[in-house]
Structure formats: C-alpha cells, structure tokens
Amino acid sequence: MNVLVIGNGGREHAIIAALAKSPSVDKIYCMKGNAGIAQLAECVDVDYCNLEAVGDWVDAHTDVEYTVIAPDDPLALGLADELEKRGHRVFGPNKRAAEIESSKAFAKMLMKKYGIPTAAYEIFDDYEQALRYIEKSKFPLVLKADGLALGKGVLICENLQQATDGLQQIMCDKAFGAAGNKIVIEEYLTGKEFTPGEEVSVLTFTDGKTIVPMIPSCDHKRAMDGDRGLNTGGMGTFTPCPFYTEEIAQEVKDKILLPTVRAMNAEGRPFKGVLYFGLMRTPDGMKVVEYNARFGDPETQVVLPMLKTDLMEIFQAITDERLADIKIEWEEGACVCVILASGGYPQKYAKGKSITIGELDQDILLYHAGTTNENGILKTSGGRVLGVCAKGKTVKEAREKAYRNAEKISFEGMQYRKDIGIKYNAEE
Ligand code: AMP
Ligand code: GLY
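If you want our numbering, it's the 1-based position in the sequence shown plus 64.
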C-alpha cells in the first residue's frame, strides 16, 4: 500500500520511520517533508492547509490508499472531512472532533460538563468583562488564547499588572491573531506546597470506542535549562515517566481518558485518531492541562521508537473501528530526545545555516525537523532543527548517549538544553 503523510517536522519523520518498517507499506509520500524525511519518502510540495489542493492531489494519485494527518492546523481546518468526503481513507479526527484542541473554550466546557478533572476557569469574549474579572482574582492565574497559537498562547501571570498586560496582548493587540477572540482564564495548578506540578503527556490511540494509551512521556516546554525562559514547541522528551505508576495510570484511565472519549461521543463528536492528554499531578489527583487532537512533538520521537506493533496495522484498525481486536506492544527501557534548535528560537532566528554531522553511533535516531537539502548541503530551515534520540536501559543511559551524539552535530547558533531527562529522574 502507498501512504501519504501530512506534515514536515520531527514528529512526521518519526511516524514515517515507523511506517517504513511496516510490511504492508510500499511507498510513502510526505507533504511537505524535510531533508531527513526525503530519505524515506517522496516529498510533495503542496500547501497542506489548502484543503482543495490536497484533495485534488490525493484524487489524482490513485496509488495513494491512505493519508495520515499529523499537524494540528490541517486537522482544525477540516482536512480529514475533505478527504473523507472525496472517498479517501484517513488517519486523524474530523473538524468537529479536532475542536477539543483548536478551541480551549470547548475543551474546558467539555471537562466541566462531564466532570473531568481540570483547573477551574472562566471564559470571556469581551475585554472589559475579562478585565473586571482579573481585578478581583487571586494570583498567579493563567491566560489562554482560545485558538491554536503554536503552543505559545498560554501566559502564566504572577500579578495584576502581568495579567492586565497579557489580556491586552491577547484580546486587543491580537498577538496570537484570531486565536485571541476568546480567552480562557484559569486557576494556576501546582504540585505539593506550591511547587510546580509534575507533568506527563499521555498519547492515546482511540477509534471512538476503545482507548489504548501509549507509553507515557515528559516534554520540556521552556527554552532554557531548569525550565526557565519562554515556552517553545518542546525542547526535548523522555520516556518512561518515573512518577507515572500503575496506580496513577489506572486513575487517569478511569477519571480522564475514558470519560473524555465518552463525552465526545455524547456530544456527537466521536474522536478517531490520537488523542493527547497533557496532565499535571496535583495534591487533588491528576488533572488535564491540555488536550491535543494529534501526536505530540517531540513526544512522538521517543514514543514510536518503542512501539513493537506495526503502526500501519494500528492506523487501519482505528479507521475501521476495530482497535479492540489488536494487541499493542512496547519495548522495555527508555528513550530520550534532545532537540537542537536555531539560535534565538522561539523568537527570531536565522535560517540557511550549514549543518555538519560527525559519525554518530549506529543506533542513534536522528529525526529532522527544520532541515532542507540545498544542492547536496544540509541546511537549517526552522526553529527546531533536529532531534537526537537514543534508547537505553534507563533514562540516564539513553540521555548520556543522546548528548554524546548531539555534541557531534553543529551549525552556527545551535542551541540545546543540557538537562533533558533529568527532572523527575533524580533518584538515578
Ligand atoms: P499548554 O500549552 O496549555 O500545554 O500550556 C503550556 C504550559 O503552561 C503547560 O505545560 C504548563 O506547564 C503550564 N500551564 C498551563 N495551564 C496551567 C495551569 N492551569 N496551571 C499551571 N500551569 C499551567
Ligand atoms: N509537545 C507538545 C505538543 O505537541 O503540543
């Protein structure tokens, strides 16, 4: 079978690497891809947010039997609906189901209505009303632009001044565009004794009836060591997550995963695809920080390398709503991904820097994100450039190996966090 994968980052490279191992997959196309993906797939230069153009391309390529939509924006725009309408088989939720990510106001309403644990909140579409609300609020509090904002639409405000500025930025200056037409104002969640709560990402396969959680992973969202600096798309990940015990996994399944899938069904928005739960451990139990309607990036880069089952078989089972019939198995051990980013990311950064890669250990998984091949020379083309992933018996072993190899890669301005995989793993 020939498959099309939509997207162009490290997550898509990891998905394509897993699909390339499937005995049922012959040829892979990627729209638009990058220099690393080009080694495994034929890259197609079509704007994947132009639904009509993607639909026409898939119609014309009759050899393509299945399309995987990985990024949030085409899902939010309704690319799955467009392709299904034209009679194609697709992996990814439709537009109404993807709203669980593309509207934070909808996600919060869903959790409140169905009793799914999350931070208390209010929603406003009027600036004056929102301002009056924060003037009476306790701090810290969290402001969230309702729509998609590249992971940057969340502001944690320590005091009234910061909250007033944040409100101005999101609702008046439209720093995140139309995503800020509505705002969610949320209680600030913490762990024990007001320390930051531990966070875990639980990506789950679901066909709307059955839910199969993948192995848990932990992201590092801030740009700098020690979780300082600006929020980014994610600077590195590791799996497994030491605090995520069997007991917590059961609590999460019973109180969060299953109720969410049932709630989406009850709302007439059955969710088929990967539902991502961003969770925080609080003194009152596990709570939802965010939902995503897709695989996480860079969580996928550490989760999929541990998958023993054929990913294409899982995708097909989800499309056909027979996920309950297949057994999904994982390797034992750990995996760590260190993101190498362009200097300045997540703010302004330069592109077009030549990348040199020394001799890496054979079993290193090097996932490309923002790379391009310019006449045979590998160059940077994005904020997050490469993900260096290593497996090991423990997170410590995997981390040391990932860093040993990251040091053999360089480009002008290259920056990366030196502490990926250290948090929550102090006992090692
Ligand atoms: P999000 O984009 O919604 O995942 O938010 C980005 C990060 O902000 C999360 O990973 C948390 O670290 C933090 N965050 C978001 N919402 C809250 C909250 N209600 N309380 C505390 N921290 C939060
Ligand atoms: N790593 C977080 C996300 O994919 O949104």
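Where a beta carbon is used, it is the ideal one built from N, C-alpha and C, also for glycine.
| said: Looking at the ligand GLY, does it come within less than 7 Å of Gly451, judged from the CB to the closest heavy atom? | reply: Here residue 451 refers to the residue found at position 387 when the sequence shown is read from its first residue. Remark: the C-beta of Gly451 is outside contact range of the ligand GLY, defined as less than 7 Å to any heavy atom.
| message | If contacts are defined as beta-carbon pairs under 8 Å, then Ala405 and Gln314 qualify, I think. What distance do you get, rounded to the angstrom? | response | Here residue 405 is taken as the residue at index 341 of the sequence shown, counted from 1. Here residue 314 is taken as the residue at index 250 of the sequence shown, counted from 1. That pair is no contact at about 37 Å.
| message | Considering only heavy atoms of the ligand GLY and the C-beta of each residue, which residues fall inside 6 Å, strictly closer? | response | Close to the ligand GLY, as judged by a C-beta nearer than 6 Å to any of its heavy atoms, are the residues Gly215, Asp283, Gly298, Asn356, Gly360, Asp361, Glu363, in chain order.
| Cys236 versus Tyr178, Thr420, Ala194, Thr324, residue with shortest Cα-Cα distance | Counted from its first residue, the sequence shown places residue 236 at position 172. Looking at the Cα atoms, Ala194 is the closest of the given residues.
| query | Using a threshold of 7 Å, is the CB atom of Ile180 nearer than that to any non-hydrogen atom of the ligand AMP? | reply | The residue you call residue 180 lines up with position 116 of the sequence shown. No, the ligand AMP has no heavy atom inside 7 Å of this Cβ.
| field | Alpha-carbon spacing of Arg292 relative to Ala462, whole angstroms | value | Working through the sequence shown from its first residue, we reach residue 292 at position 228. Working through the sequence shown from its first residue, we reach residue 462 at position 398. In this structure, the straight-line span from the alpha carbon of Arg292 to that of Ala462 is close to 23 Å.
| said: Using the three-state DSSP reduction, which class does Thr259 fall into: helix, strand or coil? | reply: Position 195 of the sequence shown, counting from 1, holds the residue named residue 259. Coil.
| query | What are the residues that DSSP puts in a beta bridge with Tyr340? | reply | The residue given as residue 340 occupies position 276 in the sequence shown. Looking at the DSSP assignment, Tyr340 forms a beta bridge with Leu267, Asn356.
| Separation of Cys282 from Lys455, as counted between CA atoms | Along the sequence shown, read from residue 1 onward, the residue named residue 455 stands at position 391. Along the sequence shown, read from residue 1 onward, the residue named residue 282 stands at position 218. Using only the alpha carbons, I get a separation of about 15 Å.
| Helix, strand or coil at Val402 [DSSP, three-state] | Against the sequence shown, residue 402 aligns to sequence position 338. In the displayed model, Val402 falls within a strand according to three-state DSSP.
| Of all Cβ atoms in chain D, is any one closer than 8 Å to the Cβ of Leu450? | You won't find chain D in this structure, because it holds only one protein chain.
| For Ala99, which of helix, strand or coil comes out of DSSP? | Along the sequence shown, one-based indexing puts residue 99 at 35. Collapsing the DSSP output to three states places Ala99 in coil.
| query | In terms of alpha-carbon separation, which member of Ile180, Lys443, Val69 lies closest to Trp121? | reply | Residue 121 sits at position 57 when you count from the first residue of the sequence shown. Nearest option by C-alpha distance: Val69.
| With a CB to CB cut of under 7 Å and the five nearest residues on each side skipped, what residues in its chain are close to Ile133? | The residue you call residue 133 lines up with position 69 of the sequence shown. Answer for Ile133: Ile70, Leu139, Leu143, Ala144, Val154, Phe155, Gly156, listed in chain order.
| field | Runs of alpha helix (DSSP H) wholly within the segment 135-221 (minimum 4 residues, chain order) | value | Runs of the alpha helix (DSSP H) lying entirely within the segment 135-221, each at least 4 residues long, are 136-141, 143-149, 159-166, 168-177, 191-199 in chain order.
| task | In the DSSP assignment, find the beta strand (DSSP E) that holds Lys443 and state where it starts and stops. | result | On the sequence shown, residue 443 is found 379 positions in, with the first residue counted as 1. Start and end: 441-444.
| field | Cβ-Cβ distance between Asp271 and Glu393 below 8 Å | value | Taking the first residue of the sequence shown as 1, we reach residue 271 at position 207. Taking the first residue of the sequence shown as 1, we reach residue 393 at position 329. No, the Cβ-Cβ distance between Asp271 and Glu393 is not below 8 Å.
| query | Whose C-alpha, out of Gln225, Val338, Thr309, is nearest the C-alpha of Met350? | reply | As a working note, residue 350 is residue 286 in the sequence shown. Distance from the Cα of Met350 is smallest, within the candidate group Gln225, Val338, Thr309, for Thr309.
| request: Along the beta strand (DSSP E) that carries Tyr130, what are the first and last residues, could you check? | output: The residue labelled residue 130 in the question sits at position 66 within the sequence shown. That run of the beta strand (DSSP E) goes 128-133.
| query | Where does Leu339 land, buried or exposed, given buried means 16+ other C-beta within 10 angstroms? | reply | Position 275 of the sequence shown, counted from the first residue, corresponds to residue 339. By the 10 Å Cβ count, Leu339 comes out buried.
| query | Between Val452 and Ala466, is the Cβ-Cβ spacing less than 8 Å? | reply | Reading the sequence shown from its first residue, position 388 is the one you call residue 452. Reading the sequence shown from its first residue, position 402 is the one you call residue 466. The answer is yes: Cβ separation under 8 Å.
| message | On a Cα-Cα basis, can you pick out the residue from Ser86, Arg75, Tyr252 that is closest to Asp374? | response | Taking the first residue of the sequence shown as position 1, residue 374 is located at position 310. The option with the nearest alpha carbon to Asp374 is Ser86.
| message | Distance check for Tyr130 and Met65, CA to CA, integer angstroms please. | response | Working through the sequence shown from its first residue, we reach residue 65 at position 1. Working through the sequence shown from its first residue, we reach residue 130 at position 66. Per the coordinates, the alpha-carbon of Met65 lies some 8 Å from the alpha-carbon of Tyr130.
| Limits of the beta strand (DSSP E) - the one that Met288 falls within | Indexing the sequence shown from 1 puts residue 288 at position 224. Here the beta strand (DSSP E) through Met288 covers 286-288.
| task | Assign Ile382 to buried or exposed, taking buried as 16 or more other Cβ atoms, counted over all protein chains shown, within 10 Å of its Cβ. | result | Stepping through the sequence shown from its first residue, residue 382 is reached at position 318. Classification for Ile382: buried.
| said: Does the segment 257-268 come into contact with the segment 341-348, if we say contact requires no fewer than three beta-carbon pairs (one atom in each stretch) closer than 8 Å? | reply: Judged by pairs of C-beta atoms under 8 Å, the segment 257-268 touches the segment 341-348, as three or more such pairs exist.
| Where Asn72 falls, given that 16 or more other Cβ within 10 Å makes a residue buried | Position 8 of the sequence shown, counted from the first residue, corresponds to residue 72. Classification of Asn72: buried, given that the 10 Å Cβ count is 16 or more.
| task | Compute every distance between the C-beta of Asn295 and the non-hydrogen atoms of the ligand AMP, then say whether any falls below 7 Å. | result | In the sequence shown, residue 295 corresponds to position 231, counting from 1. Of the heavy atoms belonging to the ligand AMP, at least one sits nearer than 7 Å to the Cβ of Asn295.
| query | CB Leu207 to CB Ala227, shorter than 8 Å? | reply | Counting from 1 along the sequence shown, the entry for residue 207 is found at position 143. Counting from 1 along the sequence shown, the entry for residue 227 is found at position 163. It is a contact, given that the beta carbons lie within the stated cut-off.
| Boundaries of the alpha helix (DSSP H) in which Glu385 is found, first to last residue | Locating residue 385 in the sequence shown gives position 321, where the first residue counts as 1. Here Glu385 belongs to no alpha helix (DSSP H), and DSSP marks it neither H nor E.
| query | What are the uninterrupted segments assigned as alpha helix (DSSP H) that are 4 or more residues long and contained completely in the segment 71-116, given in chain order? | reply | If we require 4 residues or more, the alpha helix (DSSP H) runs fully inside the segment 71-116 come out as 74-84.
| Assigned secondary structure, Met65 (DSSP; H/G/I helix, E/B strand, else coil) | Along the sequence shown, one-based indexing puts residue 65 at 1. Looking at Met65 - three-state DSSP - the assignment turns out to be coil, as it is neither helix nor strand.
| query | Roughly how many angstroms separate the alpha carbons of His432 and Gly397, rounded to a whole number? | reply | The residue labelled residue 432 in the question sits at position 368 within the sequence shown. The residue labelled residue 397 in the question sits at position 333 within the sequence shown. Note on geometry: alpha-carbon atoms of His432 and Gly397 lie some 23 Å from one another.
| message | Helix, strand or coil, according to DSSP, for Ala414 in the structure here? | response | For this step, residue 414 is matched to residue 350 along the sequence shown. If DSSP states are grouped into helix, strand and coil, Ala414 belongs with coil.
| request: Quick one: using the 10 Å Cβ neighbour count with 16 as the cut-off for buried, is Ala81 buried or exposed? | output: As a first step, residue 81 is located in the sequence shown; it is residue number 17 there, counting from the start. Result: buried.
| query | Cβ of Gly349 within 7 Å of any heavy atom in the ligand AMP? | reply | Taking the first residue of the sequence shown as 1, we reach residue 349 at position 285. False, no ligand heavy atom lies under 7 Å from that Cβ.
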